[in-house]
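This note's numbering puts the first residue of the sequence shown at 193, with every later residue one more than the last. Beta carbons are placed, not taken as given, at the ideal position from N, Cα and C, and that holds for glycine. Just so we're clear, the structure is a prediction, and the values are computed from it rather than from any experiment.
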Amino acid sequence: QQLLLAEKIDFAYLVRYTNAGWLVIDKPGAGNDGLFARDEEGNPLCWDGNSDALANAMAAGASPRLTGEYTLPDGTRAVPAFELMARRYLDDAYSPEAVADQTGVTPGTIRRLASELAEAAFEQEVVLDIPWTDWAGREQQQMIGRPVSFHAMRGISAHSNGFHTCRALHLLQMLLGTIDVPGGFRYKPPFPTAIPPHQLPAGKPAQVQPNSTLGGPPLGFPTGPEELLLDDNGEPMRIDKAYSWEAPLSAHGLMHMVITNAWKGDPYPIDTLFMFMANMSWNSSMNSAGVMEMLTDRDSDGEYKIPFIIYSDAFFSEMVPYADLILPDTTYLERWDAISLLDRPISSPEGPTDAIRQPII
């Protein structure tokens, strides 16, 4: 809010590299309310400041207006995405005084941080006389950088509302013009996958056989009911019920449910639970005390409800005392290793790369 009030925004960056100028349909109650306005070819629309008319927002010569209200050919009202964002954050609900109690940060500190960000971005601007070609094929003679950068990983993203927290941080960087510029945050590409993703989770009956490897990756992106991991009765194939009707989209599986479901015998009882470096008696279940009781719980015959537990770990974690068989492992600092392409490989701003770990201790 403070940056908007002071107009410490890199408007030129927003126009050139973001969809801040794309028009959003403002028609409350309609099915297309909140969607980007598009022409008959599907191109996003903007209000071009050069021609003072609707234009293709992806056209290299367009100069999208970032604020205002405009009328589409069918009479529908539309506003730039930046306008919607500014309206929200300029509301008194986002004032330093209003958010101080929620964030634990004093109004004075909030104003100081905003001032420091603006000073670094615009008063310490980095100008490099290096010719380059932009996305539209235009030759540029200088690189303009902003020495401000944020990086958020699991410390934020793995917690409640983490996605929106990360989104807010990256939005702030866009407003300051600090993404993919000298001194700023360099965007690292994700693993290049097709859309829709072609990787499907393995685990159908024909893919799971004794004394053989799994017939494909255990994680994936089903695109239809026929790609879910269900038995002939429509029940889950996996103990965590990932990729079933209960959790059809399970990009990382449902690790936190493994022990609970094994204890319940739901969707089926098991005779052996094999876990690796997960420490699931303590982590991720949001019910540590209850889960640890499940690991030692017995049935009416006095037998453990989870009969046999094998656990591999590099540390004496909370899970170790509950295992019947312990397989010591090394840490990533002690072994040769390769990062699997199964999940997400390491990458640099130039593109995805192969990662070969080497022991250092």
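When DSSP states are grouped into helix, strand and coil, Leu276 belongs to the helix group. Your pair Met467 and Tyr503 checks out as a contact, with CB atoms roughly 5 angstroms apart and the cut at 8 angstroms. For the pair of segments examined, the region 201 to 216 was found to touch the region 270 to 280: the number of CB pairs separated by less than 8 angstroms reaches three. Counted as a single uninterrupted DSSP element, the stretch harbouring Ala290 is not any beta strand (DSSP E) but the alpha helix (DSSP H) occupying residues 288 to 295.
Listed as beta-bridge partners of Ala247 by DSSP are Cys238. Across the structure, Tyr514 and Pro520 are spaced so that their CA atoms are roughly 14 angstroms apart. Here the C-alpha atom of Ala204 lies approximately 24 angstroms from the C-alpha atom of Arg303.
In the displayed model, Trp474 falls within coil according to three-state DSSP, outside both helix and strand. Distance from Gln193 to Tyr281 at the Cβ level is roughly 5 angstroms; contact confirmed, criterion being Cβ atoms closer than 8 angstroms. Per DSSP, reduced to three states, the secondary structure at Ala394 is coil, with no helix or strand assignment. Residue environment for Gly494: exposed (fewer than 16 other C-beta atoms within 10 angstroms of its C-beta). For the 9 angstroms CB-CB criterion, Met447 and Lys433 do not form a contact. Per the C-alpha coordinates, the member of Pro428, Thr415, Tyr379 positioned closest to Gly395 is Pro428.
At a Cβ-Cβ threshold of 9 angstroms, Asp202 and Phe314 count as neighbours. By the 16-neighbour rule on beta-carbons within 10 angstroms, Ala306 is buried. Between Glu418 and Val400, the alpha-carbon positions lie close to 17 angstroms from each other. For Ile502, DSSP records a beta bridge to Phe466, Leu517. Within the model, the alpha-carbon separation for Glu308 versus Pro339 is close to 11 angstroms. Looking at the backbone, the Cα of Pro459 and that of Asn425 are separated by about 12 angstroms. Taken atom to atom, the span from the alpha-carbon of Gly354 to that of Pro256 is near 31 angstroms. The Cβ neighbour count for Val319, taken over all protein chains shown within 10 Å, is under 16; the residue is labelled exposed. Taken atom to atom, the span from the alpha-carbon of Ile348 to that of Ser492 is near 44 angstroms.
Distance between Gly375 and Gln316, taken at the CA atoms: about 10 angstroms. Residue pairing by DSSP places Gly337 opposite Val318 in a beta bridge. Assigned with DSSP and collapsed to three states, Phe355 falls in helix. The DSSP-derived three-state label of Glu542 is coil. Around the beta carbon of Ala251, a 10 Å sphere encloses fewer than 16 other beta carbons of the protein chains shown; the residue is thus reported as exposed. Our two residues, Gln333 and Asp326, have alpha carbons roughly 10 angstroms apart in a direct line. Between Thr298 and Ala290, the C-beta spacing is not below 9 angstroms. When secondary structure is reduced to three states using DSSP, Ile548 falls in the strand class.
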